[in-house]
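Everything below concerns the one structure shown next.
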Amino acid sequence: MNILTDAWIPVVVGGKRSHCSVSEVQSLSELSISTGRSDFDFAIKLLLIGLKNTDYVESLGDNPTRFLQRVSAKEGKLFPIGTLLLESPGANAIKHNTDFFVKRGGCAAMCTECAHIALYTQSQFAGAAGQGYYPARLFHNAIYLIIKDTVEKTVNANLTKEKQAINAYFSEACQYWLDDANSDIPCGICGSEKPTITHFYKKGLAERPDPVENPHLAQTISGRKYAITPTQTLIDIMDGAAFDSAVAIPPVSITENAKIGDDILCFSTFYDKASLKLVVHERFKLREAFPRKMLMQLSKATWQLKGRSNKPTEYDAGCVVDARKNMAARLLSGMDEGEAAFDVYQEMIPENTLSLSKQRRDAISSVMANYYATGEFFGKRTRSF
Ligand SMILES: [Zn+2]
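Going from the sequence shown to our numbering is simple: count from 1 and add 591.
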């Protein structure tokens, strides 16, 4: 299947089901993308954004077929196609017969189109595979997209000022190869009665990936990806109000592009003990502009962390360094954010933090002085606090 030119995207237009190519789908309503599964619907939107927000298309060269597949995977093991679905039990659970809640064999065959979408979804969102292996980069995350009325406007609303690394959208954790479509079992996803695929090859376990750089991920103040838990609401995540454990910073694409009242679609997966426990697919309106409030919260949380010890001398310097790094990223996103970040530093200047040592007050002041002189907060890192 040629992902760039074939009609593979399942759509419903005027009550009729069909497939569109990447270019044909652009003018349609974003709601017309309809696979029957929320994870697939979200994955397609992410993929369409990724095609435009990276150099992936160029990297495919003249032959963009066999999307996300490597022929070397055929040296690996053959798996039932249904195990590509996020909720399917892992190989280990089947081996030990512990797939009590999510049963094996739920989807015996997929048409070519659905199999490719399942492969992409698996590659980006599949959960931990045990022994510290992480087969997908975006698993256990909250990912936010700005949604507009048409597909094309939605794609454009989520493009970032800078192009992203290819593996932000197209990571290949394992080597995969879809077997030939030669079964007459109907597709378990869309019901198609064209010849279907019943198995795929997989070789290798993924290494633990580098910290993910994806412009649609919320992050913590330490720069790590933000893992949601079932007890935190979406709005809390977006407000960065999860003070107790981690503070979420809105994704770059939201900060750069979103306006109050925009529709935001959140997709997140929560894994526990290597099995999928929760999938959130929720749409809501952006309630407020982020930078100022978010940064103030960031600042408060930073101080709160400090306050835990009640001994400023034992302050976790790494936390401040990380907070500054992230504020720097915010500053790059425009004047409003620059001002807000500036306010944070005002707050960090210790009129109201008398417990700070003179050494630390001086250190903060020198950061500010450097900003006034050079326009840079972080040109000279002050390590003394
Ligand atoms: Zn299908």
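Cβ atoms here follow ideal geometry from the backbone N, Cα and C, with glycine treated the same way.
Buried versus exposed call for K864 [16 or more other C-beta atoms within 10 Å across all chains shown]: exposed
The alpha helix (DSSP H) enclosing T745, as first and last residue numbers: 742-748
Boundaries of the alpha helix (DSSP H) in which D711 is found, first to last residue: For the sequence presented, residue 711 should be read as Tyr rather than Asp. That run of the alpha helix (DSSP H) goes 703-716.
Own chain residues within Cβ distance below 6 Å of Y735, not counting five before or after: If we look at Y735 and ignore the five residues flanking it on each side, its Cβ neighbours are H807, P842, I845, I855, C857.
Rounded Cβ spacing between T789 and P671 (contact assumed at less than 8 Å): 7 Å
Assigned secondary structure, L769 (DSSP; H/G/I helix, E/B strand, else coil): strand
CB of A634 within 8 Å of CB of S612, strictly: no
C765: CB within 7 Å of a non-hydrogen atom of ligand 1: no
Backbone CA spacing between A699 and I776 [nearest angstrom]: C-alpha separation (whole angstroms): 8 Å.
Cα-Cα separation, S859 to Q715: When rounded, the separation of the alpha-carbon atoms in S859 and Q715 is 12 Å.
DSSP beta-bridge partners of P786: Its beta-bridge partners do not exist; DSSP assigns none.
Ligand 1 heavy atom lying under 7 Å from the CB of C705: The nearest non-hydrogen atom of ligand 1 is less than 7 Å from the C-beta of C705.
Counterpart residues of C611 in DSSP-defined beta bridges: I600
C-alpha gap between K794 and Q766, whole angstroms: 5 Å
Any non-hydrogen atom of ligand 1 within 7 Å of C979 CB: The question about residue 979 has no answer, for the chain in this structure spans 592 to 976.
Residues near T626 by beta carbon distance below 8 Å, same chain, minus five either side: P601, D632, I635, C705, I708, I780, C781
Pick from L877, Y862, F861, N747 that is closest to P642, judged by C-alpha positions: In the sequence under discussion, the amino acid at residue 642 is Leu, which differs from the Pro named in the question. Checked all of L877, Y862, F861, N747; the closest Cα to L642 is N747.
Beta-carbon spacing of T596, I757 below 8 Å: no
Per DSSP, cross-strand counterpart(s) of D854: Looking at the DSSP assignment, D854 forms a beta bridge with I738, K876.
Rounded C-alpha distance that separates V871 from A759: Spanning the alpha carbons of V871 and A759 requires a straight line of approximately 20 Å.
Contact test: C611 Cβ vs ligand 1 heavy atom, cutoff 7 Å: no
Which listed residue (I640, V616, F730, Q755) has its alpha carbon closest to that of S866: Closest by alpha carbon: F730.
Residue span of the beta strand (DSSP E) that contains L637, given as start and end: Here L637 belongs to no beta strand (DSSP E); instead the alpha helix (DSSP H) covers 629-644.
L676 classed as buried or exposed, judged by whether at least 16 other C-beta atoms fall within 10 angstroms: Buried, because 16 or more other Cβ atoms sit within 10 Å of the Cβ of L676.
Test item: CB-CB of E666 and T745 under 8 Å: no
DSSP bridge partner residues for V871 (one or two, in chain order): S859
Top-ranked residue by Cα proximity to N732, from L877, S614, S623, N805: N805
Alpha-carbon spacing of A833 relative to F861, whole angstroms: Note that A833 has pLDDT 32, beneath the 50 cutoff, so the model's placement of it is unreliable and the number below is only indicative. So the alpha carbons of these two residues sit roughly 16 Å apart.
Any non-hydrogen atom of ligand 1 within 7 Å of C781 CB: yes
Own chain, CB closer than 6 Å to T944, minus 5 neighbours either side, in chain order: Because T944 sits at a pLDDT of 46, beneath the cut-off of 50, its placement in the model cannot be relied upon, and the following sentence gives the value as read from the coordinates. Excluding positions up to five away in sequence, the list is empty.
Nonlocal neighbours in the same chain, by C-beta distance under 7 Å from S783, ignoring five residues either side: C702, P777
8 Å Cβ cutoff, Y760 in contact with chain C: Looking for chain C here will not work: only one protein chain is present.
Proximity winner among E847, K876, E763, relative to R657 (alpha-carbon distances): E763
Alpha-carbon spacing of Q755 relative to N848, whole angstroms: 15 Å
Straight-line gap, L651 to Q713 (C-alpha atoms, nearest Å): 20 Å
Burial state of G718 (16 or more Cβ within 10 Å): buried
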